[in-house]
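Following: one structure in structure tokens, then a few remarks.
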Amino acid sequence: MSIFEYNGSALIAMVGKNCFAIASDRRLGVQLQTIATDFQRIYKIHDRLFLGLSGLATDAQTLYQRLVFRHKLYQLREERVMKPETFASMVSALLYEKRFGPYFCQPVIAGLGDEDKPFICTMDSIGAKELAKDFVVTGTASESLYGACEAMFKPDMEAEELFETISQALLSSVDRDCLSGWGGHVYVVTPTEVKERILKGRMD
Amino acid sequence: MGDSQYSFSLTTFSPSGKLVQIEHALTAVGSGQTSLGIKAANGVVIATEKKLPSILVDESSVQKIQTLTPNIGVVYSGMGPDFRVLVRKSWKQAEQYHRLYKEPIPVTQLVREIAAVMQEFTQSGGVRPFGVSLLVAGFDDNGPQLYQVDPSGSYFSWKASAMGKNVSNAKTFLEKRYTDDMELDDAVHTSILTLKEGFEGQISGKNIEIGIIGADKQFRVLTPAEIEDYLAEVE
Chain A
1 MSIFEYNGSA LIAMVGKNCF AIASDRRLGV QLQTIATDFQ RIYKIHDRLF
51 LGLSGLATDA QTLYQRLVFR HKLYQLREER VMKPETFASM VSALLYEKRF
101 GPYFCQPVIA GLGDEDKPFI CTMDSIGAKE LAKDFVVTGT ASESLYGACE
151 AMFKPDMEAE ELFETISQAL LSSVDRDCLS GWGGHVYVVT PTEVKERILK
201 GRMD
Chain B
1 MGDSQYSFSL TTFSPSGKLV QIEHALTAVG SGQTSLGIKA ANGVVIATEK
51 KLPSILVDES SVQKIQTLTP NIGVVYSGMG PDFRVLVRKS WKQAEQYHRL
101 YKEPIPVTQL VREIAAVMQE FTQSGGVRPF GVSLLVAGFD DNGPQLYQVD
151 PSGSYFSWKA SAMGKNVSNA KTFLEKRYTD DMELDDAVHT SILTLKEGFE
201 GQISGKNIEI GIIGADKQFR VLTPAEIEDY LAEVE
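Listed in order, the protein sequences are those of chains A and B. Per the UniProt record's numbering: the first sequence = residues 1 to 204. Per the UniProt record's numbering: the second sequence = residues 1 to 235.
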């Protein structure tokens, strides 16, 4: 079994009209056994920048701690928060530093950049960035997620419709994947507020 | 400053609380050729005298104003070779920042890094402080900025400043002439007039150097022909 499938995960980020949404499943497993049903995969870096980490849970936690450390120092030195594009470049550089002994994570980065323009990107475990204009997905359920998003996505959705779309895409995909699921955790971010919602799906 | 017993080791404080080597470094700066900078509302200009030791020197090969990044330039007063070392280190710092963040380095961050290097050389063994003061001119998201960095590693943001031989006259002149709403062209004229104040001999496009950065955020050194045009406007 692949190391990326040890804990199980599912992550989506989607772009809307001057807003974005980022969603994850809540299962933490050790291969076939479910350990937790409230595991946090999405982290806030600052009010307009969120990071989701799929893959090996221990690496996700450590990587998150390192990134928050770097961002806090940046904020102290430069007296401003990082732009999403800058943060993505930094994550990519950090992952490549460990090229021959990598973190077994795939990050999903979502944020609001200058002029409230939504920014999403994903990368592989050694930092190959992939910018997208519509949606990005990672995790054990990624193949189903790609299909669901492709079918359900429309450009320029408002916050409420975006929430519905991303939730449906997430829940229907994790239902086809035994390693992810047990509900969903969705953040919808607009220039004025962050709405956090928990989804109840098939609890298995 | 007669603490000569304490002027051998630069890492030792003198009883009066000074690091004598830094005082000496500032003296080296003070006897260097005059340089100055002016921050305008829409850009920054830095300028310096370019007095060469002999007419046989090929003046086009001497470049006292250097570009650190496309939107940050620097000029110095003091020891040229020390300046070259600092410029090399700054290039590397700026590129390292860009490699990590894929963003151009903000002016304050680069100034901080240069100042940290200069401070290192006042607290390490077996080295001496840099015999230069720098004027760093840049334009980034925080607008036009002008910073002076001293051999001690302290840095200051200025609206207008001068360093080197004629510093007190130049600063007095700048104080009288400076206005907050100056445009870049006015600033270039003012900088030429300031250099003229203490200039020995006939000023021309070949014995001064001027670097400007405007709202286009591109730092460039003016050609001798462009300087001649500005000189003609000033006459």
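Beta carbons: idealized from backbone N, C-alpha and C, even for Gly.
Are three or more beta carbon pairs between the segment 117 to 136 of chain B and the segment 80 to 89 of chain B nearer than 8 Å? Three or more Cβ pairs drawn from the segment 117 to 136 of chain B and the segment 80 to 89 of chain B lie within less than 8 Å of each other, which places the two stretches in contact.
Neighbourhood of residue 90 (chain A) by C-beta, 7 Å cutoff - its chain only, sequence neighbours within 5 removed: Result list for residue 90 (chain A): 70, in chain order.
Minimum C-alpha distance to residue 178 (chain B) - residue among B:167, B:191, B:114: Out of B:167, B:191, B:114, B:191 has the C-alpha closest to the C-alpha of residue 178 (chain B).
Report the rounded CA-to-CA distance for residue 18 (chain A) versus residue 159 (chain B), giving the unit in angstroms. So the two alpha carbons sit approximately 39 Å from each other.
Residues in the same chain with beta-carbon distance under 7 Å from residue 188 (chain A), minus the five sequence neighbours each way, listed in chain order, please. Beyond the five residues adjoining it in sequence on each side, residue 188 (chain A) comes within less than 7 Å, by CB distance, of 19, 21, 159, 162, 163, 195 in the same chain, given in chain order.
Does DSSP classify residue 196 (chain A) as helix, strand or coil? Residue 196 (chain A) falls in the strand class under three-state DSSP.
Assigned secondary structure, residue 41 (chain B) (DSSP; H/G/I helix, E/B strand, else coil): Looking at residue 41 (chain B) - three-state DSSP - the assignment turns out to be coil, as it is neither helix nor strand.
Using 9 Å as the limit for Cβ to Cβ distance, is residue 77 (chain A) near chain B? It does: the Cβ of residue 77 (chain A) has a partner Cβ on chain B nearer than 9 Å.
Close beta carbons around residue 66 (chain B), own chain, < 6 Å, minus the five adjacent residues each side: These residues qualify, in order along the chain: 74, 87.
Contact between the segment 222 to 230 of chain B and the segment 206 to 214 of chain B is defined here as three or more beta-carbon pairs at a separation below 8 Å; is this criterion met? Result yes; three or more Cβ-Cβ pairs closer than 8 Å.
Quick one, are the C-beta atoms of residue 95 (chain A) and residue 125 (chain A) less than 9 Å apart? It is a contact, given that the beta carbons lie within the stated cut-off.
Indicate whether at least one CB of chain B lies closer than 9 Å to the CB of residue 16 (chain A). No, residue 16 (chain A) does not count as interfacial toward chain B.
Leaving out five residues on either side along the sequence, give the residues of the same chain with a beta carbon under 8 Å from the beta carbon of residue 64 (chain A). Closer than 8 Å at the Cβ level, and outside the excluded window around residue 64 (chain A), lie 43, 51, 53.
List the residues of chain B that residue 86 (chain A) touches, going by C-beta distances under 8 Å, in chain order. Result: 101, 102, 103.
Taking the C-alpha atoms as reference points, what is the distance between residue 26 (chain B) and residue 76 (chain B)? If you draw a straight line from the Cα of residue 26 (chain B) to the Cα of residue 76 (chain B), it comes to about 12 Å.
With DSSP run on the structure shown, which of helix, strand or coil describes residue 222 (chain B)? Residue 222 (chain B) falls in the coil class under three-state DSSP.
Note down, in chain order, every chain B residue with its Cβ under 9 Å from the Cβ of residue 93 (chain A). What residue 93 (chain A) touches in chain B: 99, 100, 101, 102.
Alpha-carbon spacing of residue 14 (chain A) relative to residue 94 (chain B), whole angstroms: Rounded to the nearest angstrom, the two C-alpha atoms are 34 Å apart.
Is residue 109 (chain B) close to chain A, meaning its C-beta is less than 9 Å from at least one C-beta of that chain? Yes, because at least one Cβ of chain A sits closer than 9 Å to the Cβ of residue 109 (chain B).
Local conformation of residue 157 (chain A) per DSSP, three classes: Annotated three-state conformation of residue 157 (chain A) is coil, per DSSP.
Cβ contact check for the segment 139 to 156 of chain B and the segment 16 to 35 of chain B: 3 or more pairs under 8 Å: Below 8 Å, enough C-beta pairs join the segment 139 to 156 of chain B and the segment 16 to 35 of chain B to call them touching: three or more.
Boundaries (first-last residue) of the alpha helix (DSSP H) holding residue 76 (chain B): Counting along the chain, no alpha helix (DSSP H) covers residue 76 (chain B); the unbroken beta strand (DSSP E) around it starts and ends at 72 to 78.
So the alpha helix (DSSP H) residue 147 (chain A) belongs to, where does it begin and stop? Boundaries of the alpha helix (DSSP H) harbouring residue 147 (chain A): 142 to 152, taken from the DSSP string.
Taking C-alpha atoms, which residue in B:168, B:162, B:232, B:141 lies nearest to residue 214 (chain B)? The candidate whose alpha carbon is nearest that of residue 214 (chain B) is B:141.
Going by Cα to Cα distance, which pick from A:115, A:99, A:102, A:169 is closest to residue 137 (chain A)? Nearest in C-alpha terms to residue 137 (chain A), of all of A:115, A:99, A:102, A:169, is A:169.
Could you check if residue 201 (chain B) is buried or exposed, using at least 16 other CB atoms within 10 Å of its CB as the buried criterion? Residue environment: residue 201 (chain B) is assigned as exposed (fewer than 16 neighbouring CB atoms within 10 Å of its CB, all protein chains considered).
Are any of the Cβ atoms in chain A nearer than 9 Å to that of residue 1 (chain B)? Residue placement at residue 1 (chain B) is poorly supported in this model, since its pLDDT is 44, which falls under 50; the coordinates still yield a value, given next. Not an interface residue.
Given this structure, state the Cα-to-Cα distance separating residue 59 (chain B) from residue 45 (chain B), to the nearest angstrom. Straight-line Cα distance between these residues: approximately 21 Å.
Could you give the distance in angstroms between the alpha-carbon of residue 140 (chain A) and the alpha-carbon of residue 55 (chain A)? In a straight line, the C-alpha of residue 140 (chain A) is about 8 Å away from that of residue 55 (chain A).
For the beta strand (DSSP E) holding residue 129 (chain A), just list the boundary residues, first then last. Following the DSSP letters along the chain, one finds residue 129 (chain A) inside the beta strand (DSSP E) bounded by residues 129 to 132.
Test: residue 72 (chain A) CB closer than 9 Å to a CB of chain B: No - not a single Cβ of chain B is within 9 Å of the one on residue 72 (chain A).
Are there 16 or more other CB atoms within 10 angstroms of the CB of residue 205 (chain A), so buried, or fewer, so exposed? No statement about residue 205 (chain A) is possible, as the shown extent of chain A runs from 1 to 204 and does not include it.
Can you tell me whether residue 35 (chain A) is buried or exposed, with buried defined as 16 or more other CB within 10 angstroms of its CB? Residue 35 (chain A) should be labelled exposed.
Just verifying my parser: in three-state terms, what is the DSSP assignment at residue 64 (chain B)? Three-state DSSP puts residue 64 (chain B) in coil, outside helix and strand.
Report yes or no: is there a C-beta of chain A within less than 9 Å of the C-beta of residue 106 (chain B)? Among the residues facing chain A, residue 106 (chain B) is included, as its CB has a counterpart in that chain under 9 Å away.
Positions along the segment 95 to 125 of chain A whose CB lies within less than 9 Å of some CB in chain B: Those residues of the segment 95 to 125 of chain A that come within reach of chain B (Cβ to Cβ, closer than 9 Å) do not exist; the list is empty.
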